[in-house]
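Working notes for the structure below.
There are 2 protein chains.
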Amino acid sequence: MNDQSLKTKTPVRIAIVEDDPTYVDVLRQVLARDNDLEVERTFLNSVEFLAAVPRLEVELIFLDIRMPKISGLECLPEIRQFLPDARVIMLTLHDDDDYVLRSFLAGADGYLLKDSAPRKILEAAQYCLAGGAPMSPSVARKVIEQLDQLKPGSHETDTRDRELEIKRLLSVREFEVLQHLADGKTYGEIAALLHVSVDTIKTHIRHIYDKLKVRNRTEAVSRMLR
Amino acid sequence: MNDQSLKTKTPVRIAIVEDDPTYVDVLRQVLARDNDLEVERTFLNSVEFLAAVPRLEVELIFLDIRMPKISGLECLPEIRQFLPDARVIMLTLHDDDDYVLRSFLAGADGYLLKDSAPRKILEAAQYCLAGGAPMSPSVARKVIEQLDQLKPGSHETDTRDRELEIKRLLSVREFEVLQHLADGKTYGEIAALLHVSVDTIKTHIRHIYDKLKVRNRTEAVSRMLR
DNA sequence: ATGTCCATCACCCTAAAGGGTGATTTTGAA
DNA sequence: TTCAAAATCACCCTTTAGGGTGATGGACAT
């Protein structure tokens, strides 16, 4: 008579994955107002979270999208693998990023702006647990705007087109360096090939990373080639 | 000096297209509470509405989805042709039909359940005019559920072949690691994603290098992608 | 049963990468 | 002419990558 009869009284277990400790506290306090909700674990970075996921037992997860190293978006497949029935609400500062649609495609259940009123946060949790997909009208707008990009076969961007696009972003010298990067050359090798110092190459590469918004050579090369 | 300066004080003109006269009245009364909104025209069937559309001047349209003869869905292209900037909120009795996604693809801006509270109706109008896409969490859920059906994923055949060739050379685990490598992930990040130790990943990667006859990750990725 | 992958983990060490800051010269566009 | 990139170089520091070697348990085939 215990499991069933107690079930309605068992609070919903919650995990928070958010690299801003301040906002973690905000969420904690807001969620504490609802006695049916209990924040069981919090993680300040995605790596810690991923390590714990296989043994995690929660029904609801608040997941920050933008985090260092591994984004919330990349955590979603892992969550779906180990916690297929858990609800996931994505946290974001702005609604103007292009993560919105991809989050939902990856299995998110809701979308919450970090500056939402406490009431909205609690509503989001409740709607989500009730099977809805809470999101602000502005987020919903992003979704339906990005909808069109999905249906036509417009993503057949040729490799040459990508190269041209990157060529526009980079200076000629930088593009030259990038091509050597794609061959797996080291700083020193590229420096030798271009008859300049290693530090010059390092500077070029830093600029390439800035312009392409990547963190390392592999991402840069991947960006150009696929 | 009139059009521009008066614009902020001019009420938003609204059209209602709804075959249930009772609900038209409900809408009328609710919308009348907001002095910035003015119901200019109402249509009890879609044929009348379509006839009037070319000469219609409204900023917001409440459009019933299920109507005899011509559905609201079928009206959307016409609206978009003559009133490209007007906002359209779809009206529906249930959120369980498959019109939801199709409505948004056809250019709807919001989705309102007919049993919504008056406050929700006014909110929907306001959100919509502010550029958002109001919809209930249950409707949003429908949208994201139907998302998957939209994405038919056809990649490039060239890349496929290369991938298959490399897949034959590597073990499944190694290939898995290689894919993360191509995303620019570090040892630690891949380890976290695959729930194994960093040393294990290092070993896999060394094996990958051996098998592909490359000396670093960039060459490996480049090998797979081009 | 024996050998061979496969997947896992550990420890050691060196080389390379990457982030921050700052500086100089050239060059082209406004 | 003046301002803004672009291209060059330097020094500091931390993190990551990569090479070598070795070990264990499981799966699978001969």
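The listed protein sequences correspond, in order, to chains A and B. All residue numbers for the first sequence refer to the numbering used here, where the first residue is 1 and numbers rise by one. All residue numbers for the second sequence refer to the numbering used here, where the first residue is 1 and numbers rise by one. Glycine included, C-beta positions come from ideal geometry on N, C-alpha and C.
Legend entry - Contact under 8 Å by Cβ, His-195(A) with Glu-174(A): Stepping through the first sequence from its first residue, residue 195(A) is reached at position 195. Stepping through the first sequence from its first residue, residue 174(A) is reached at position 174. Not closer than 8 Å, so no.
Inset, instruction - Tell me whether Gly-110(B) sits in a helix, a strand or coil according to DSSP, three-state version. - result: Position 110 of the second sequence, counted from the start, is the residue given in the question as residue 110(B). Collapsing the DSSP output to three states places Gly-110(B) in a strand.
Inset, instruction - Note down the Cα distance separating Leu-212(A) from Ala-220(B), rounded to an integer number of angstroms. - result: Within the first sequence, residue 212(A) is the residue found at index 212, counting from 1. Within the second sequence, residue 220(B) is the residue found at index 220, counting from 1. Each residue's Cα considered, the two are about 21 Å apart.
Legend entry - Outcome for Leu-169(A) when other beta-carbon atoms lying within 10 angstroms are tallied against a minimum of 16: Walking along the first sequence from the start, residue 169(A) turns up at place 169. With fewer than 16 neighbouring CB atoms inside 10 Å of its own CB, Leu-169(A) falls in the exposed class.
Legend entry - Beta-carbon neighbours of Gly-72(A), restricted to chain B and to distances below 7 Å: Translated into the one-based positions of the first sequence, residue 72(A) becomes position 72. Within 7 Å Cβ-Cβ: nothing; Gly-72(A) doesn't reach chain B, min ~13 Å.
Legend entry - Val-17(A) and Asp-64(A) closer than 8 Å at C-beta: To locate residue 17(A), count along the first sequence from 1; it is residue 17. To locate residue 64(A), count along the first sequence from 1; it is residue 64. Yes, the Cβ-Cβ distance between Val-17(A) and Asp-64(A) is below 8 Å.
Legend entry - Residue from Lys-120(B), Ser-71(B), Ile-205(B), Gly-72(B) whose Cα sits closest to the Cα of Arg-33(B): Along the second sequence, one-based indexing puts residue 33(B) at 33. Comparing Cα positions, the closest option is Lys-120(B).
Legend entry - DSSP three-state assignment for Asp-25(A), whether helix, strand or coil: Here residue 25(A) corresponds to residue number 25 of the first sequence, with the count starting at 1. Annotated three-state conformation of Asp-25(A) is helix, per DSSP.
Legend entry - Extent of the continuous beta strand (DSSP E) run through Val-58(B): Counting from one through the second sequence, the residue named residue 58(B) turns up at place 58. Note, Val-58(B): premise wrong, no beta strand (DSSP E); not H, not E.
Legend entry - Residues from the segment 117-131 of chain B in contact with chain A, defined by Cβ distance under 7 Å: From the segment 117-131 of chain B, only Tyr-127, Gly-131 have a Cβ closer than 7 Å to chain A.
Inset, instruction - Per DSSP, which residues does Asp-64(B) bridge with? Please list them. - result: Residue mapping note: residue 64(B) aligns to position 64 of the second sequence, counting from 1. Looking at the DSSP assignment, Asp-64(B) forms a beta bridge with Leu-91(B).
Legend entry - DSSP-derived helix/strand/coil call for Arg-141(A): To locate residue 141(A), count along the first sequence from 1; it is residue 141. Annotated three-state conformation of Arg-141(A) is helix, per DSSP.
Inset, instruction - For the beta strand (DSSP E) containing Ala-86(A), list its first residue and its last residue. - result: Within the first sequence, numbered from 1, the residue matching residue 86(A) stands at position 86. Where Ala-86(A) is concerned, there is no enclosing beta strand (DSSP E), because DSSP gives it neither an H nor an E.
Inset, instruction - Find the nearest neighbour of Arg-87(B) within the set Glu-48(B), Ala-130(B), Arg-41(B), judged by alpha-carbon distance. - result: As a working note, residue 87(B) is residue 87 in the second sequence. The shortest C-alpha separation from Arg-87(B) is found at Ala-130(B).
Legend entry - Beta-carbon spacing of Val-214(B), Arg-226(B) below 8 Å: Here residue 214(B) refers to the residue found at position 214 when the second sequence is read from its first residue. Here residue 226(B) refers to the residue found at position 226 when the second sequence is read from its first residue. No. Outside cutoff.
Inset, instruction - Count the other CB atoms, across all protein chains shown, that sit within 10 Å of the CB of Glu-145(B); report buried if there are 16 or more and exposed otherwise. - result: Looking up residue 145(B) in the second sequence gives position 145. Exposed.
Legend entry - beta strand (DSSP E) segment containing Arg-13(A), residue limits: For the purposes of this step, residue 13(A) is taken as residue 13 along the first sequence, with counting starting at 1. Membership of Arg-13(A) in the beta strand (DSSP E) is indicated by the continuous run 12-17.
Legend entry - For Ser-103(B) and Leu-73(B), believed in contact at Cβ under 8 Å, the rounded distance: In the second sequence, residue 73(B) corresponds to position 73, counting from 1. In the second sequence, residue 103(B) corresponds to position 103, counting from 1. Contact between Leu-73(B) and Ser-103(B) holds: CB atoms are separated by about 6 Å, below the 8 Å threshold.
Inset, instruction - Take the Cβ of His-180(B) as the centre, count every other Cβ of all protein chains shown within 10 Å, and call the residue buried at 16 or more, exposed below. - result: Numbered from its first residue, the second sequence carries residue 180(B) at position 180. Taking a 10 Å sphere around the C-beta of His-180(B), we find 16 or more other C-beta atoms and assign the residue as buried.
Inset, instruction - Could you tell me if His-155(A) is buried or exposed, where buried requires 16 or more neighbouring beta carbons within 10 angstroms of its beta carbon? - result: If you number the first sequence from 1, residue 155(A) lands on position 155. Any answer about His-155(A) is weak, because its pLDDT of 49 lies below 50 and its placement is not dependable; what the coordinates show is given next. His-155(A) comes out exposed.
Legend entry - Beta carbon of Ile-14(A) nearer than 8 Å to that of Val-39(A): As a working note, residue 14(A) is residue 14 in the first sequence. As a working note, residue 39(A) is residue 39 in the first sequence. Yes; because the gap between Cβ atoms is below 8 Å, this pair is in contact.
Legend entry - Among Val-30(B), Val-58(B), Thr-200(B), Ser-197(B), nearest to Thr-10(B) - alpha-carbon criterion: Translated into positions along the second sequence, residue 10(B) becomes position 10. Restricting attention to Val-30(B), Val-58(B), Thr-200(B), Ser-197(B), the CA atom closest to the CA of Thr-10(B) is found in Val-58(B).
Legend entry - C-alpha gap between His-94(A) and Ala-133(B), whole angstroms: Within the first sequence, residue 94(A) is the residue found at index 94, counting from 1. Within the second sequence, residue 133(B) is the residue found at index 133, counting from 1. Roughly 16 Å separates the two Cα atoms.
Inset, instruction - Between the Cα of His-204(B) and those of Leu-193(B), Asn-216(B), Val-177(B), Asp-183(B), spot the shortest distance and give me the residue it belongs to. - result: Within the second sequence, residue 204(B) is the residue found at index 204, counting from 1. Of the candidates Leu-193(B), Asn-216(B), Val-177(B), Asp-183(B), the one whose C-alpha sits nearest the C-alpha of His-204(B) is Val-177(B).
Inset, instruction - Please name the residue in Val-100(A), Ile-201(A), Phe-49(A), Ile-89(A) whose C-alpha comes closest to that of Ser-138(A). - result: To locate residue 138(A), count along the first sequence from 1; it is residue 138. Minimum Cα distance to Ser-138(A) is reached at Val-100(A).
Inset, instruction - Select from Glu-123(A), Cys-75(A), Val-24(A) the residue whose C-alpha is nearest the C-alpha of Leu-44(A). - result: Position 44 of the first sequence, counting from 1, holds the residue named residue 44(A). That would be Val-24(A), whose Cα lies nearest to the Cα of Leu-44(A).
Legend entry - Partner residues on chain B for Arg-141(A), Cβ-Cβ distance less than 7 Å: The residue you call residue 141(A) lines up with position 141 of the first sequence. Going along chain B in sequence order, the residues near Arg-141(A) (Cβ under 7 Å) are Gly-131, Gly-132, Ala-133.
Inset, instruction - Say whether chain B places a C-beta atom closer than 8 Å to the C-beta of Lys-69(A). - result: The residue given as residue 69(A) occupies position 69 in the first sequence. Answer yes: the Cβ-Cβ gap between Lys-69(A) and chain B drops below 8 Å somewhere.
Inset, instruction - Just the chain B side, please: which residues come within less than 8 Å of Leu-225(A) by C-beta, in chain order? - result: In the first sequence, the residue the question calls residue 225(A) occupies position 225. The contacting residues are Val-221, Ser-222, Leu-225, Arg-226.
Inset, instruction - Determine whether the Cβ of Phe-104(A) lies closer than 8 Å to any Cβ atom of chain B. - result: For the purposes of this step, residue 104(A) is taken as the residue at position 104 of the first sequence. Under the Cβ criterion of 8 Å, Phe-104(A) is counted among the residues facing chain B.
Legend entry - Straight-line gap, Ala-125(B) to Val-198(B) (C-alpha atoms, nearest Å): Translated into positions along the second sequence, residue 125(B) becomes position 125. Translated into positions along the second sequence, residue 198(B) becomes position 198. In a straight line, the C-alpha of Ala-125(B) is about 53 Å away from that of Val-198(B).
Legend entry - C-alpha gap between Met-1(B) and Leu-112(A), whole angstroms: Position 1 of the second sequence, counted from the start, is the residue given in the question as residue 1(B). Position 112 of the first sequence, counted from the start, is the residue given in the question as residue 112(A). Reliability of the predicted coordinates at Met-1(B) is poor, the pLDDT of 41 falling under 50, and no value is obtained from them.
Inset, instruction - State buried or exposed for Ala-117(B), treating a residue as buried only when at least 16 other CB atoms are found within 10 Å of its CB. - result: The residue given as residue 117(B) occupies position 117 in the second sequence. Classification of Ala-117(B): exposed, given that the 10 Å Cβ count is below 16.
Inset, instruction - Evaluate Val-143(A) with the Cβ neighbour count: other Cβ atoms within 10 Å of its Cβ, from every protein chain shown; 16 or more gives buried, anything less gives exposed. - result: Stepping through the first sequence from its first residue, residue 143(A) is reached at position 143. In summary, Val-143(A) is buried, with 16 or more beta-carbon neighbours lying within 10 Å of its beta-carbon over all protein chains present.
Legend entry - Contact list for Asp-54(A) against chain B, beta-carbon separation under 9 Å: By 1-based counting over the first sequence, the position of residue 54(A) is 54. Checking the sequence, you will find Pro at residue 54(A) rather than Asp. At a beta-carbon threshold of 9 Å, the residues of chain B lying near Pro-54(A) are His-195, ordered along the chain.
Inset, instruction - Please list the partners that Leu-147(A) has in chain B, where partner means a Cβ-to-Cβ separation under 7 Å. - result: By one-based count along the first sequence, residue 147(A) stands at place 147. Neighbourhood of Leu-147(A) in chain B, by CB distance below 7 Å: Phe-104, Leu-105, in chain order.
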